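> First the structure, which I've put down as structure tokens, then a few questions once you've had a look.
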Amino acid sequence: MTGRADLSLELQLEATHDEAKAETTQTAIDGVLVHLRSSKDRHRRGGKRLVTLLETARAAAAHAEEWNVVRLLQDSLDYAEDRILQPDFDERYRLFQDGKRSKSKRDFVAASLSIAHLYTAEAIQEYAAEHPECTTAELVEHFKELSRDARLLDAPDDRPGRYRLVRGRAELSLWLERVLRERIDVENPLEAAQRIAMSPEALHLLASDNDGAMLFRALEMQRRCAALEGLRINVEDPNASEFDLQRALHDQYWIFGGRYVGQAVQRRLVPGDELDIALIRGDGSLHIVELKRAMSIRHNLVKRYRNSWVPTSQVHDAVEQALNYLVGLDENREMIRSKFGIETRRASAVVLIGHPAAQPTVPEQEINETLRTLNSHLSRVEVLTYKELIDNAERALDTTSI
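Per our numbering, residue 705 is the first one in the sequence shown, and the count goes up by one each step.
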């Protein structure tokens, strides 16, 4: 969560304010703009507070049933959290173009695309000549690697007019970026990682890494990032089923934290019960994951009851289902241990259910706090939204090197 704030966001929020009709919505957007302009220097103020205010404004618009404004504020929130790139944001809302598409950007994209296609054709010929028996999948993977390395292109001083693309730099840069995020004195880990990866010392390091251990770690980090992004796409898909979510989480036990060392192949441990995901802890004990729908959830996660937010029956039903699984595991402990070698005495469970964006009338913080209160009264079951799971996994990637 970055809370990015700039002129583009301010202009878009001003336009959104003009679209709003309800006074409560306008007041909420005014609150966002006041915060945005409250910095003592010339910069605009962002941070976590900006994200919270945007969520509050979105909830106000939803309560007033101004769904067009809800969509606009969702774009504001996505932009503030770096899910929309600035050129796309500016182009989508014509922020600096008086309603007209940018001809210079169009020409630039056209020229870049033409050059890219020409380069691709020549590179295909070269790769096919060196690997006459390559498959289509191998060719595609080769170009994916080229694309990642191309971002770290450099211009050697001793070769005027020429550019150098060194294979392996992208993996090194990604690994360095993740490592540098642990150091609070690095203001821009991505920029620092790219600068280090393009240094002569890095070239020597790549050349001396005969066993490929460093690149292996970087590739594993890249694989995890791709898996997390794939999970996010499924979670945010309003049509995704529980099976889609289960497939996205398959063999990605690291997403649930460092306590787990693997995923059990056998999911039907007790007659009549089939677990969605069965994780194994380092001590050999079992942790089950019960999957419910995310954005496609049919009912709300929380409801208002006596001036407080409480979980709905859908959440309680999911918890009861997980508890029933645990009872079955307890009752069949000896059979499971002798047949599968899995210890169920200390088994626990997590229920993954819903997404805050599926209930936009309630701030995300309220939903999370309501579920945490429920968890404080449960000893063996924890309830999480898919967004909280992904946020936790992202933080782990940002502070852990493979």
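Beta carbons: idealized from backbone N, C-alpha and C, even for Gly. Here the structure is a predicted model, which means the values were calculated and not measured.
Could you tell me how far apart the beta carbons of H739 and R746 are, in whole angstroms, since I believe they sit closer than 8 Å?
16 Å between Cβ atoms; not a contact.
> Is it buried or exposed for I828, if we count other Cβ within 10 angstroms and need 16 for buried?
Label assigned to I828: exposed.
> On the criterion of 16 or more Cβ atoms from any shown chain inside 10 Å, does L711 qualify as buried, or is it exposed?
L711 should be labelled exposed.
> Enumerate in chain order the residues of its own chain whose CB-to-CB distance from A1062 is below 6 Å, with the five nearest sequence positions on each side excluded.
Hits under 6 Å: M999 and I1001.
> Span of the alpha helix (DSSP H) holding P791?
It spans Q790 to Y797 - the alpha helix (DSSP H) in which P791 sits, taken as one unbroken run.
> Run the CB neighbour count on F947, radius 10 Å, all protein chains shown included, and call it buried at 16 or more, exposed below.
Per the 10 Å Cβ criterion, exposed.
> Compute the Euclidean distance between the alpha carbons of W958 and S1052, then round it to the nearest angstrom.
Taking the straight line from one Cα to the other gives about 17 Å.
> In this structure, how does DSSP classify K1007 when only helix, strand and coil are distinguished?
Looking at K1007 - three-state DSSP - the assignment turns out to be strand.
> Leaving out the 5 sequence neighbours to the left and right, which residues in its chain are closer than 6 Å to A931 when beta-carbon positions are compared?
Hits under 6 Å: Q956.
> At which residues does the alpha helix (DSSP H) containing H1020 begin and terminate?
Where H1020 is concerned, the enclosing alpha helix (DSSP H) stretches over S1017 to E1035.
> Cα-Cα, which of H1059, E978 and Q1025 is closest to L1093?
Residue H1059 is the option with its Cα nearest to L1093.
> Could you pull the start and end residues of the alpha helix (DSSP H) that Q778 belongs to?
Segment W771 to A784, the alpha helix (DSSP H) holding Q778.
> Looking only at its own chain, which residues have a Cβ that is under 7 Å from the Cβ of N938, when we skip the five neighbours before and after it?
Only A944, D948, L949 and A952 meet the Cβ criterion.
> To the nearest angstrom, how far is it from the Cα of A709 to the Cα of A784?
Cα-Cα distance, rounded: 6 Å.
> Go through its chain and collect everything with a Cβ distance to L649's Cβ below 6 Å, but skip five positions before and after it.
Given that the chain is displayed from residue 705 to residue 1106, the structure contains no residue 649 and the question cannot be resolved.
> Can the beta-carbon of A732 be found closer than 7 Å to that of A764?
Cβ distance < 7 Å, so A732 and A764 count as in contact.
> How far does the alpha helix (DSSP H) with L953 in it reach, from first residue to last?
From DSSP, the alpha helix (DSSP H) with L953 extends over E946 to L953.
> If you check the beta carbons only, do E1047 and S989 fall under 7 Å apart?
Result yes, Cβ atoms of E1047 and S989 sit closer than 7 Å.
> Pick from I1057, E795 and E769: whose alpha carbon is nearest that of R997?
Comparing Cα positions, the closest option is I1057.
> Can a CB atom of chain C be found closer than 7 Å to the CB of E994?
The structure shown contains no chain C, having only a single protein chain.
> Do A832 and P1064 have their CB atoms nearer than 7 Å?
Going by C-beta atoms, A832 is not nearer than 7 Å to P1064.
> Taking buried to mean at least 16 other C-beta atoms within 10 Å of its own C-beta, is V883 buried or exposed?
At V883 the pLDDT is 47, less than 50, meaning the model places this residue with poor confidence and gives no usable figure here.
> From the DSSP output, in three-state form, read off S989 for me.
In the structure shown, S989 sits in a strand (DSSP, three-state: E or B).
> Just confirm the distance between the C-beta atoms of V1019 and V1087, as a whole number of angstroms; I'd bet it's less than 8 Å.
Rounded, the Cβ-Cβ distance is 6 Å, consistent with contact.
> Where does I1001 fall in DSSP's three states?
The answer is coil: DSSP assigns I1001 none of H, G, I, E or B.
> What's the C-alpha gap between A726 and N1004?
Cα-Cα distance, rounded: 24 Å.
> Could you tell me the alpha carbon to alpha carbon distance between A1097 and F960, rounded to whole angstroms?
Distance between the alpha carbons of A1097 and F960: 7 Å.
> Please classify G751: does DSSP put it in a helix, a strand, or coil?
It is helical.
> Less than 6 Å between the CB of T840 and some heavy atom of the ligand NAD, yes or no?
Of ligands this structure carries none, so the ligand NAD is not represented either.
> Take L995 and list the residues in its own chain whose beta-carbon comes closer than 6 Å to its own, dropping the five residues that flank it on each side.
Hits under 6 Å: E946, L949, Q950, D980 and L1056.
> In whole angstroms, what separates the C-alpha of P836 from that of L843?
When rounded, the distance between both Cα atoms is 11 Å.
> In angstroms with no decimal places, state the Cα-to-Cα distance between A874 and Y797.
Interpretation of A874 is limited by its pLDDT of 49, a score under 50 that renders its predicted location unreliable; no figure is taken from the coordinates.
> Hey, quick one: how far does the beta strand (DSSP E) through S1052 stretch, first residue to last?
Its beta strand (DSSP E) spans residues E1047 to L1056.
> Can the beta-carbon of V993 be found closer than 7 Å to that of V1054?
Result yes, Cβ atoms of V993 and V1054 sit closer than 7 Å.
> Do V736 and L717 have their C-beta atoms within less than 7 Å of each other?
In this structure, L717 lies closer than 7 Å to V736 by Cβ.
> What did DSSP end up calling L932 once you bin it into helix, strand or coil?
Reduced to three states, the DSSP call for L932 is helix.
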